[in-house]
Structure formats: C-alpha cells, structure tokens
Amino acid sequence: MPLIQPLLDCSYPEAARADGVFLYDIEGKRYLDGCSGAVAASIGHGVPEIVEAMQEQASKLAFSYRLQFTNGPAEQLAAELGDAAPGDLDWVFFVNSGSEAMETALKIALQFWEEQDRKDKSGIISRSLSYHGITLGALSMSGHEARRRRFSSLLHDFPIAPPPYCYRCPLGKTYPDCDLACATELETSIRRMGPEHLAAFVAEPIIGAAGGAIVPPDGYFQRVREICDRYDLLLIIDDVMTGVGRTGKMYGIEHWNVVPDIISVGKGLSAGYSPLAATLVSDRVMQTIRDHSGVVMSGHTYSGNPLSCAVGLAVLQYLRDHELVERANRVGVTLGERLRAMAERHPIIGDVRGVGFLWGLELVEDAETHTPYSAEMEISKILRDVAQDLGLLVYPALTGADVRPGDAVMIAPPLTINGHEMDLMFELLEESLNALEEALVASGSVSTALQSEGHEIYGR
Ligand code: PMP
Numbered sequence: 096m097p098l099i100q101p102l103l104d105c106s107y108p109e110a111a112r113a114d115g116v117f118l119y120d121i122e123g124k125r126y127l128d129g130c131s132g133a134v135a136a137s138i139g140h141g142v143p144e145i146v147e148a149m150q151e152q153a154s155k156l157a158f159s160y161r162l163q164f165t166n167g168p169a170e171q172l173a174a175e176l177g178d179a180a181p182g183d184l185d186w187v188f189f190v191n192s193g194s195e196a197m198e199t200a201l202k203i204a205l206q207f208w209e210e211q212d213r214k215d216k217s218g219i220i221s222r223s224l225s226y227h228g229i230t231l232g233a234l235s236m237s238g239h240e241a242r243r244r245r246f247s248s249l250l251h252d253f254p255i256a257p258p259p260y261c262y263r264c265p266l267g268k269t270y271p272d273c274d275l276a277c278a279t280e281l282e283t284s285i286r287r288m289g290p291e292h293l294a295a296f297v298a299e300p301i302i303g304a305a306g307g308a309i310v311p312p313d314g315y316f317q318r319v320r321e322i323c324d325r326y327d328l329l330l331i332i333d334d335v336m337t338g339v340g341r342t343g344k345m346y347g348i349e350h351w352n353v354v355p356d357i358i359s360v361g362k363g364l365s366a367g368y369s370p371l372a373a374t375l376v377s378d379r380v381m382q383t384i385r386d387h388s389g390v391v392m393s394g395h396t397y398s399g400n401p402l403s404c405a406v407g408l409a410v411l412q413y414l415r416d417h418e419l420v421e422r423a424n425r426v427g428v429t430l431g432e433r434l435r436a437m438a439e440r441h442p443i444i445g446d447v448r449g450v451g452f453l454w455g456l457e458l459v460e461d462a463e464t465h466t467p468y469s470a471e472m473e474i475s476k477i478l479r480d481v482a483q484d485l486g487l488l489v490y491p492a493l494t495g496a497d498v499r500p501g502d503a504v505m506i507a508p509p510l511t512i513n514g515h516e517m518d519l520m521f522e523l524l525e526e527s528l529n530a531l532e533e534a535l536v537a538s539g540s541v542s543t544a545l546q547s548e549g550h551e552i553y554g555r
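Counting from 1 along the sequence shown, just add 95 to a position and that's the residue number in my numbering.
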C-alpha cells in the first residue's frame, strides 16, 4: 500500500461519504462523529451551502498567487475575522494548517522585536502540556513529549511553564488557595530566563490534544496578560482547536476577556471542507513591521487561496445563519451536565472538563486517588478503538505528561448535532465505556473502585 498511514501496520476503514454528524465507510457502516474528526468538522458534513460556495468559487477563480494578486474571498474573510476579534487584532495572514498558523505567529513575534533592534528577544515560553503543531517551530513550542522525542535534537526547550491543570496540579496546590501559583511560576521562569531574551508566551485557551480539554481557572489568563505586559512579552493564543465557535465564543480566549497580541485559528475555520488556517495580528505589532521592513516573512503557495477563503466565508455565514456559536454555548451546558452524570456511573472517568462543545474525559485507574493507567496501556486509544467499532468517533488525548502519565478522550461533536443524535452519541459512549470496562475486568486490570462497587457491567 503506497499511502503512508498514521500507523503503518494498522488497517483503517475506508471513508466513503458523510452527511451531517455521520460518516459512512465503503462497507456501509455508519459512524457518529463525536469529535468532528480532529475537532474540525464543526458544522457537520456535506452541508449544501458550503458545497455550493465551493462550486461557485472553483468555477470562478480557484487559485491566484498571493505575490501576483489579492482576491475577494481572502480580503473579505480577513475583514470578517478581524471584525469579530477582540481589541485591535485587525490583521490576518492565511495559511493551510494550524501548525503553519503557529509557525507564522512565532515568526511574526520574533520579527516584531527584531525590527525594533531587539534581536535578543527571540526565545519563547510555552507550557509543559501543550500542542501547537507538528512543524519544527510549532513542535518546539509544544509540550507534547510523544511528538517531540524523535526530533529533540532540532527542537528548542520552550515548554517550561506549568499548565493550569487543577485536576493534577503540577505544583501540588488547590485552586483557589493556590492564588494561581502556575501563573506566578510563569513569572518566575520569565525572570530566570531574562525577559530581554524572550519574545512571547504561547498558550492554548483550553489545552486540547496534549491535555484533553483542560480549562484554566478564572483569573489565570488575566494574570498571564499582566505578566506579559510587565515583562514586555507578546501573548500568542493558539485558538486552532478552540476558535471559530467551538467553545461558545468566536475566539476561545474571549471567555476570559483578555486581548492577546496574536491569535491563531484553524480547524473550525473551514470546518473540514478545505485546508485553511489563519494568524490574526494586532495593529500594534503590524504597524511596527510596516514601519520597518514592511514584509511578513512567512507564507505558502496556497496562502489565502480564493477557494479555501470562500469556504471560510461560507462557514462563517452558516454559523451566523444558524446561530451556532450561541447554540454551542447553550447546548454545551447540557452536554457537560450529561457527561458529568455519565461519569457518576463510570469510575474510570476521573474528571470531566470543558466548555461549549469541547469536552474531555480523563480516564483513571482509581478515581479516588486520581491514579492514571500506565502510559504503555494507552487506555484512551483502546477506548477510541472500542467506540469506533461500535460506530462512535472520539478523540484520544494525552494528559498528565511531565507530572505523570495520563489519558483522556475528547467529545466534541459538530455544533449542529440535534437532540436525537446527541442521545445516540450518549448511548454509544455508554456502550463503549461498558465494553471497555468489561474488557478491563476480563484482563484483570480493573480499578478497585470498579470492583467494589459491583458495577453494573458485571451482570452483562
Ligand atoms: N494547535 C492546536 C491547539 C491544535 O489542536 C492543533 C492540531 N491538533 C494544531 C495547532 C496543529 O494544527 P494542524 O494539525 O492543522 O497543523
């Protein structure tokens, strides 16, 4: 098989078509998309309005090269994203993936200081649990050991700040008594490294792939903004997973009323219909670059291509027409309540966290002591496989990383999922958890909590 698959020895079902929240393989098996692919397909599959917009744009102008032309869809999408963004984040640079959007953010941050003859401000601080992309710059910023390991010789040690991970506080504290010690620790790290050597602090509003939807406590991002201001660091927010409505706000960082200097978005921006991501930059940063070199040193052949940008515009229109961001906010509360109720029945779920339509279930061997399963066991991937067999897609995430191993799965269906489909998603999830727990019991690897409660699965 010439196609290089993620796991070379794994045979993946072949996707044939998709409609709404369902995908179908070539055997006709149906899968409910409980995680929007990789938290991307936020308006569901096969939406006719998007297909029509693609057809119309493709027949008019599919591609023009950005060093030769500007184009209408790119101009309009940039304006709409800028208008919807907080503060003076008015400038937009288009790329094709979240990784590229983060590379661009990194390069613009360095360029901002370099243009002011402050070349030494070239380091970045990020958090030890984080994922910002697979390209080398984005990976350098990522606190994701499994993805870094092989390339460590080429990577910078940027992820040193502790995550605001209250379920397993890396500093052994409890919120709110901790007085946001994780933010204080960020400040200490900045002082230790010397702010004169640092360009920016980078963070996801909610830690996704490397944390399983870890939501920071209130006050954290406000404190982070103050620290960045105090030490003259740009604040880069990686909204690739959380942006464009996923969490019930257009930009995930808006939950904390903080205005960053740079925001990256991707995934939901094109909702899976075409490769598209963007880096939003503040007026202050762009004016500095404009006043000096006048050129942003990043970009790709397909940056700002009219076809992908037309998709982005159609997705934003669809979100507005169906009030989906508000819906994510409203229905997300119920989604969280139902997941918490489910956790009561399944001691393997140690923590339920999330906002809007982005939720994480942390899987533990012992809920009382928060003891995780061993990393080798890859319990989140087992749950993903069990669920996929039963016709439900969930997103396995790592968590715990440098504190101790940890596993989570994320539940992030399209924002369009209806009540009946939501019920079905919960039925399939319950079945998947039951099947996993049964398998764990059969293999003798089961938490004492599960056994002592005489959990209902034993009767089945
Ligand atoms: N940042 C975040 C927060 C992400 O979740 C991801 C993808 N999971 C990326 C960046 C990288 O995006 P992409 O896979 O589109 O390159």
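Just so you know, even glycine gets a beta-carbon here, dropped at the ideal spot from N, CA and C.
With a threshold of 7 Å, the Cβ atom of GLU532 does not count as near the ligand PMP, since no heavy atom of the ligand is closer than that. Beta-bridge analysis with DSSP links GLU457 to ASP446, ALA503.
Under the 10 Å beta carbon count, ASP178 is surrounded by fewer than 16 other beta carbons and is classified as exposed. Under the DSSP definition of a beta bridge, THR494 partners with GLY501. Of the other Cβ atoms in all chains shown, 16 or more fall within 10 Å of the Cβ of PRO442; this residue is therefore buried. Under the DSSP definition of a beta bridge, ARG112 partners with TYR119. One Cα belongs to SER237, the other to ASP212, and the distance between them is close to 27 Å. When DSSP states are grouped into helix, strand and coil, ARG125 belongs to the strand group. For SER403, the enclosing alpha helix (DSSP H) begins and ends at 401-416. For TRP208, the enclosing alpha helix (DSSP H) stretches over residues 193-209.
Between GLY501 and LEU419, the alpha-carbon positions lie close to 32 Å from each other. The stretch 276-290 makes no contact with the stretch 233-248, as fewer than three CB pairs between them are under 8 Å. The C-beta separation of VAL353 from GLN382 comes to about 21 Å, leaving the pair out of contact by the 8 Å criterion. Under the DSSP definition of a beta bridge, ASP272 lacks any partner.
Inter-residue distance for THR466 and LYS202 is about 40 Å (C-alpha atoms, whole angstroms). Put simply, of ALA204, SER359, SER235 the residue whose alpha carbon is nearest the alpha carbon of LEU293 is ALA204. Contact between VAL335 and ALA366 is ruled out by a C-beta separation of about 13 Å, above the 8 Å threshold.
For ILE138, the three-state secondary structure derived from DSSP is coil. It is roughly 21 Å from the alpha-carbon of VAL406 to the alpha-carbon of CYS130. Under the three-state reduction of DSSP, ASP333 is assigned to strand.
In the DSSP assignment, the residues bridged to TRP186 are VAL376. Shown here, SER475 sits in a helix according to DSSP, grouped into three states.
ASP333 places its beta carbon 8 Å or farther from that of VAL376. Residue state for ALA298 is assigned as strand, using DSSP reduced to three classes. In the three-state reduction of the DSSP assignment, ILE219 falls in the strand class.
Across the structure, ALA174 and ALA462 are spaced so that their CA atoms are roughly 48 Å apart. Of the residues assessed, HIS140 falls on the buried side of the cut-off, its CB having 16 or more other CB atoms within 10 angstroms.
Pairing ASP313 with TRP351, the inter-Cα distance amounts to about 7 Å. In this structure, PRO258 places its C-beta atom within 8 Å of the C-beta atom of ARG222.
Straight through space, the alpha carbons of ARG425 and LYS344 are spaced by roughly 11 Å.
Annotated as distal: LEU430 and LEU487, with beta-carbon spacing of 8 Å or more. The continuous beta strand (DSSP E) containing PRO254 extends over residues 254-256. PRO509 is not bridged by DSSP to any residue. Out of ALA537, SER403, ASN529, the CA that lies nearest to the CA of PHE158 is found in SER403.
The Cβ atoms of GLN206 and ILE331 lie no closer than 8 Å to each other. In this structure, GLY307 keeps its C-beta atom at 8 Å or more from the C-beta atom of GLU151.
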